[in-house]
Each structure stands twice: as structure tokens, then as C-alpha cells.
Amino acid sequence: MSDGGNTSDSKTALGLPRRLHGSLILVGFLLVAALLWFGYRTKVSGFQWSLFAATFSRIDWAWLTAAVVLVLLTYFGRAVRWQLMLRPIRPHPDFWLLLDSTIIGFTAVVLFGRAGELVRPYLISTREKVAFTSQLATWLLERIYDLLSVLLLFGFALTRITSTSTKLGPTMEWVLSTGGSLAGILAAACLSLLIVFGLFPVFVENRLVAVLSVLPLQYQKRVTGLVQAFLSGTSSTRRGSFVFLLIFYTFCEWCLIVACFLCLFRAVPFTHSLGILDALIVVGFVAFGSALQIPGVGGGMQVATVLVLTELFRIPLESASGLAVLIWVVTFVSVVPIGLLLALKGGLKWRKLLQTKEMQPL
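Residue numbers (the working numbering): -14 to 347.
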């Protein structure tokens, strides 16, 4: 359907609304200005740009290529996992449609920040002809499993941090070790609760309804509806085999991510000696940092990468900054060209997509 006579004038060739396109250009100019200011400040403070540039001039392209391949494989893994979670309500979901939606969805996250998170469940719901709310629940379930994975690997890595070559003071060692143990315990408790919700939904629903009976009637209905929607969205966890496969696929997903970071460490000379445990530590920090995403720019993950490399591994600021940029490009930006091509091939219009009623809460 047409948006009106001036629709073509309001969009760019890639289907981006001109207002959004202009905003991205403005962000780009601001970023350039910030980089120029940063360059001036770092020149005054002694920032060695030659050391920063050496990160890119001395790259081992074989290891870098391996890292990119591993990142692209993670999208296949996510599509397989979503396919499993979709089966209770859609017995034979189309894997390639799920993969296409996954790649476009992550491209939207890079371009629009966390506001783009709902693009993937929306595309899947329309293409597989299932309720959008059910796919929101599936997305939430995926987020929970990923969060639990981050907590578990982060907790394990921090409790083992004293076994690495990192030199820390006794107080910092105790803080990190204790924090890691608490994170691991919290993750295990959350995972146990998630399994209980999945395997015993009727019992959980009845108990929650009984507890909510103390609320006013209008609130009872609303909260009970939310509970029922959540439980229906987690129906893939109601079979032991499905739970096992979800855990297995999530484990494989994060193994690919850790392997990608390990390849990136091998790709640059100053981190070539870092091992798998070091990769676990960095992934744990970066995964938390990536929650702070600036549209088209990133942000949190670069800061987290620089902090962990400089403070824990004593890598020079310039080298750590270069590797942070490289990690961001490989793990986030590398999918954007593919996502834009798939969106263009499928006739997807970003403006029309973002203006659908399901996206309005964004």
C-alpha cells in the first residue's frame, strides 16, 4: 500500500526515512567532531596514535577471517534456537525465513540501537503468521537464556581470574572472586526458576493467581493476563527434550562467541598470548557493556573492552582502544551489509516497519 503521493520523496534508496537518515548523518558529524576533539585531547595527553594504528596495520588476516566466519555462524545458531522455541505453536517453521529475519533484526539493532530489538520478533510473527505477543515472549525467553549464559561464564571466569597472569591486588581479587561466585549462584537460581516455569506452568499459574487474589479485581485480571502470556510464550520449555536442546544451543552459541574473541586475540600481536580463560573474562565484561548501545555507533561494549584490557591485562590504552574498535566492527557491524541487502531484496521499508502499531511503544 502507498503511504501517499510523497512517499518516495520521504525515503532513501535503502528504505530509511529521510528524517532518520538525516539524524544518522547528524550523529556521524557529531561523531567526527568528537573524534577530532578526542584527537586533540589525546595529542596533548600523549596518546600514541602510531600504537593505535599498529593494531590495524599488523592484523593477521587469517585469524580475522576466522572471527568473522564464527560471528556469522552465530546467526545460524540463533535461527536454529528460535526455530525450536517456535515449534510448539508452529510445528514446521521455515528456517531460512527465520535466518533472514534474524540477520535483518540484528542489523536494526546496530542502526537503531535497542529500539531495533522488536524488529526480529515482528518480522517472524508476520512471516510465520503467528501472534506478535507470542514472539515477544520467545524473544524474552532468548534474552533470559543469553543473560544466564553471560552470568554463568562471567561468574566462572571471575572466580578463576587469579589463575591467570593478571596481576591484581588482594582486595580486587577478593571483590572479583566474590562477585563472580554471586553471579554464578544468581544465574543458576534464575535458570532453575525458568525451568520450573516451563515444566510446571499449571502449578505456577495457580499459585500466582492465588497470591494475586489480594489485589483489586482490575489489577488481578491485568497481571494474571501477563502471567498467562508469559507462560504461553515459554511453552517450548515444557518438554524436557526441548529444555535440553535450548540449553545445548545456547551453550554452542556462546562457544562460538568466545571462539570469535579468541580468534580476534590471535589476530593482533599484543593479545596473541591470551588464552580461552582470558577470552571468557573479556566476553563477560563486553556482554554487559553491549547493553548500552548507541544507534549506529555502539558505545558500552567499547568502553567495557578498553577497561578490561587496560585494568586487568595491563594492555596499553592505545592498543586496547584499537582492539575495541576491531571487536565492535567484527561482532556488530559485519552483519549490516548482509542485513541491508536482505531487507532491500525483501522490499522491507524501514519507515513503514517502524511506524506499525506494534512498534509504536518504541
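Built from N, CA and C at the ideal position, the CB exists for glycine as well.
Mind checking residue i: buried by the 16 CB within 10 Å criterion, or exposed?
{"i": "T123", "result": "buried"}
{"i": "Y234", "result": "buried"}
{"i": "Y204", "result": "exposed"}
{"i": "G225", "result": "exposed"}
{"i": "W313", "result": "buried"}
{"i": "S110", "result": "buried"}
{"i": "A174", "result": "exposed"}
{"i": "D(-12)", "result": "In this prediction, D(-12) has a pLDDT of 46, which is less than 50 and means its spatial position is unreliable; what the coordinates show is noted afterwards. Looking at its Cβ environment, which holds fewer than 16 other Cβ atoms inside 10 Å, D(-12) is exposed."}
{"i": "L329", "result": "exposed"}
{"i": "S198", "result": "exposed"}
{"i": "L178", "result": "exposed"}
{"i": "F188", "result": "exposed"}
{"i": "L338", "result": "buried"}
Considering only the alpha carbon of each residue, which of the options lies closest to residue i?
{"i": "P78", "options": "R66, Y204, I88", "result": "R66"}
{"i": "F250", "options": "I44, G332, S166", "result": "I44"}
{"i": "L247", "options": "V315, A195, V228", "result": "V315"}
{"i": "F61", "options": "F37, S86, S42", "result": "S86"}
{"i": "L265", "options": "R299, V293, S42", "result": "V293"}
{"i": "P106", "options": "F97, F91, L96, G98", "result": "F91"}
{"i": "A272", "options": "M286, L82, L262, D263", "result": "M286"}
{"i": "L83", "options": "Q120, V54, V53", "result": "Q120"}
{"i": "L167", "options": "V53, G260, F141", "result": "F141"}
{"i": "L311", "options": "V199, A39, F32", "result": "A39"}
{"i": "G169", "options": "T144, T209, A52", "result": "T144"}
{"i": "L132", "options": "V318, F317, F298, F236", "result": "F236"}
{"i": "V243", "options": "A52, L338, Q33", "result": "A52"}
Is the separation between the beta-carbon of residue i and that of residue j shorter than 8 Å?
{"i": "F255", "j": "S306", "result": "no"}
{"i": "E238", "j": "Q213", "result": "no"}
{"i": "G324", "j": "I88", "result": "yes"}
{"i": "R363", "j": "L184", "result": "Outside the displayed span of the chain (-14 to 347) sits residue 363, for which this structure offers no information."}
{"i": "L69", "j": "L231", "result": "yes"}
{"i": "L171", "j": "G269", "result": "no"}
{"i": "E102", "j": "L71", "result": "no"}
{"i": "F80", "j": "A64", "result": "yes"}
{"i": "A116", "j": "V104", "result": "no"}
Could you tell me the distance, in whole angstroms, from the CA atom of residue i to the CA atom of residue j?
{"i": "A195", "j": "A309", "result": "50 Å"}
{"i": "P186", "j": "S221", "result": "11 Å"}
{"i": "T50", "j": "P76", "result": "36 Å"}
{"i": "L277", "j": "R207", "result": "Per-residue confidence for L277 stands at a pLDDT of 49, beneath the threshold of 50, marking its modelled position as unreliable; the derived number appears in the next sentence. Each residue's alpha carbon lies about 31 Å from the other."}
{"i": "L176", "j": "Y130", "result": "8 Å"}
{"i": "E296", "j": "L136", "result": "21 Å"}
{"i": "F41", "j": "V253", "result": "8 Å"}
{"i": "T118", "j": "L58", "result": "27 Å"}
{"i": "I279", "j": "A47", "result": "In this prediction, I279 scores a pLDDT of 47, lower than 50, which makes its location untrustworthy; the coordinate-derived value is nonetheless stated afterwards. Roughly 30 Å between the two C-alpha positions."}
{"i": "L126", "j": "V54", "result": "26 Å"}
{"i": "L259", "j": "L326", "result": "36 Å"}
{"i": "V318", "j": "L193", "result": "43 Å"}
{"i": "L108", "j": "K334", "result": "12 Å"}
{"i": "P201", "j": "T209", "result": "12 Å"}
{"i": "D263", "j": "R299", "result": "13 Å"}
{"i": "S134", "j": "Q33", "result": "37 Å"}
{"i": "I74", "j": "L216", "result": "13 Å"}
{"i": "G281", "j": "V288", "result": "Only weak support is given to the placement of G281: the predicted model assigns it a pLDDT of 46, under 50, and the value that follows is read from those uncertain coordinates. C-alpha separation (whole angstroms): 16 Å."}
{"i": "G98", "j": "H257", "result": "32 Å"}
Would you grab the beta carbon distance between residue i and residue j for me? Rounded to a whole angstrom, and I think it's under 8 Å.
{"i": "V95", "j": "C245", "result": "Not quite, the Cβ-Cβ distance comes to about 16 Å (not below 8 Å), so this is no contact."}
{"i": "V267", "j": "T290", "result": "7 Å"}
{"i": "L36", "j": "P301", "result": "6 Å"}
{"i": "V228", "j": "I180", "result": "6 Å"}
Residue i: beta carbon under 7 Å from a heavy atom of the ligand COA?
{"i": "A116", "result": "What this structure holds is no ligand at all, so the ligand COA is not there to describe."}
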